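Q:
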Amino acid sequence: PVGKVVTLYPPVDTNQFSMGARSGREALRQQIGVAPDQMLLLFPSHNHELKGGDLILEALESLGSRIRLVVAGKAPLDHPGVINLGFRRDMPALYAAADAAILASKYEAFGLVGPEAILCGTPVLLANTVGAVEVLSESACLRFDRTVDSLRAALKKTLERFDAGQL
Numbered sequence: 428p429v430g431k432v433v434t435l436y437p438p439v440d441t442n443q444f445s446m447g448a449r450s451g452r453e454a455l456r457q458q459i460g461v462a463p464d465q466m467l468l469l470f471p472s473h474n475h476e477l478k479g480g481d482l483i484l485e486a487l488e489s490l491g492s493r494i495r496l497v498v499a500g501k502a503p504l505d506h507p508g509v510i511n512l513g514f515r516r517d518m519p520a521l522y523a524a525a526d527a528a529i530l531a532s533k534y535e536a537f538g539l540v541g542p543e544a545i546l547c548g549t550p551v552l553l554a555n556t557v558g559a560v561e562v563l564s565e566s567a568c569l570r571f572d573r574t575v576d577s578l579r580a581a582l583k584k585t586l587e588r589f590d591a592g593q594l
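One gets the numbering used here by counting positions in the sequence shown from 1 and adding 427 to each.
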């Protein structure tokens with residue numbers, strides 16, 4: 428019965444996570460050290476093993492330096508091409524500065540990365556092991572199987588969208 432159904436919405440502060448966060452986009456990209464012709468791929472992670480850091484790095488190996496992986500999280504992701512920002516409190520601004528956000532989690536019941544990034548105008552690449560893919564539209568969320576080949580194909584598609592000015 429309808430009276431027994433309760434909908435719980437993700438706890439996202441839509442006053443912070445919004446298109447308004449894009450006001451300082453270019454300045455933050457410059458501060459981070461991402462060139463205008465580079466795609467900023469944001470990886471918000473405190474547990475790189477669980478969130479798929481190894482898979483992301485392997486998929487990025489053959490794609491060159493056009494994609495800059497930027498990590499926001501307590502622990503650094505040790506790789507020469509990665510920009511480690513450490514723990515950040517300005518996540519809305521980081522989502523807005525990114526061209527895409529990514530999670531390749533082994534398992535994520537839902538996760539707020541998708542909704543938070545999308546509210547800031549940034550598409551997401553999410554593994555099919557992230558529960559949020561079930562409710563996010565294809566235009567905002569590019570899904571991939573949790574394999575290197577599938578992720579690499581999703582990254583190439585995202586880079587093509589970036590080059591076409593569609594991000």
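We put the CB at the ideal spot given by N, CA and C, even for glycine. Note that the structure is a prediction, hence the values are computed from the model and not measured.
(1) Nearest CA to the CA of Ala531: which residue from Met518, Leu546 and Val575?
(2) Could you work out which residue in Asp572, Leu490, Phe571 and Gly548 is closest to Leu586 when comparing CA atoms only?
(3) From the DSSP secondary-structure annotation, give me the bridge partner or partners of Gly513.
(4) With distances taken between CB atoms, is the gap from Gly541 to Val551 smaller than 7 Å?
(5) Quick one: grab the DSSP three-state call for Pro550.
(6) Which word fits Asp572, buried or exposed, when buried means at least 16 other C-beta atoms lie within 10 angstroms of its C-beta?
(7) On the three-state DSSP scale, how would you describe Ala531?
(8) Let me know the secondary structure DSSP gives Pro437 once reduced to three states.
(9) Does Leu435 pass the burial test, meaning 16 or more other C-beta atoms within 10 Å, or should it be called exposed?
(10) With three or more beta-carbon pairs closer than 8 Å as the criterion, would you say the region 447-454 touches the region 491-511?
(11) Does Lys478 pass the burial test, meaning 16 or more other C-beta atoms within 10 Å, or should it be called exposed?
A: Put simply:
(1) Selection Met518, Leu546 and Val575 evaluated against Ala531 yields Val575 as nearest (Cα-Cα).
(2) Distance from the Cα of Leu586 is smallest, within the candidate group Asp572, Leu490, Phe571 and Gly548, for Leu490.
(3) Answer by DSSP bridge pairing, in chain order: Ala499.
(4) Their beta carbons are under 7 Å apart, which means Gly541 touches Val551 by this criterion.
(5) Three-state DSSP puts Pro550 in coil, outside helix and strand.
(6) Asp572 comes out exposed.
(7) If DSSP states are grouped into helix, strand and coil, Ala531 belongs with coil.
(8) Taken through DSSP and simplified to helix, strand or coil, Pro437 comes out as coil.
(9) Leu435 is classed as exposed because its beta carbon has fewer than 16 other beta carbons within 10 Å across all chains shown.
(10) No, the region 447-454 does not touch the region 491-511.
(11) Counting the other CB atoms within 10 Å of its CB gives Lys478 a total of 16 or more, which places it among the buried residues.
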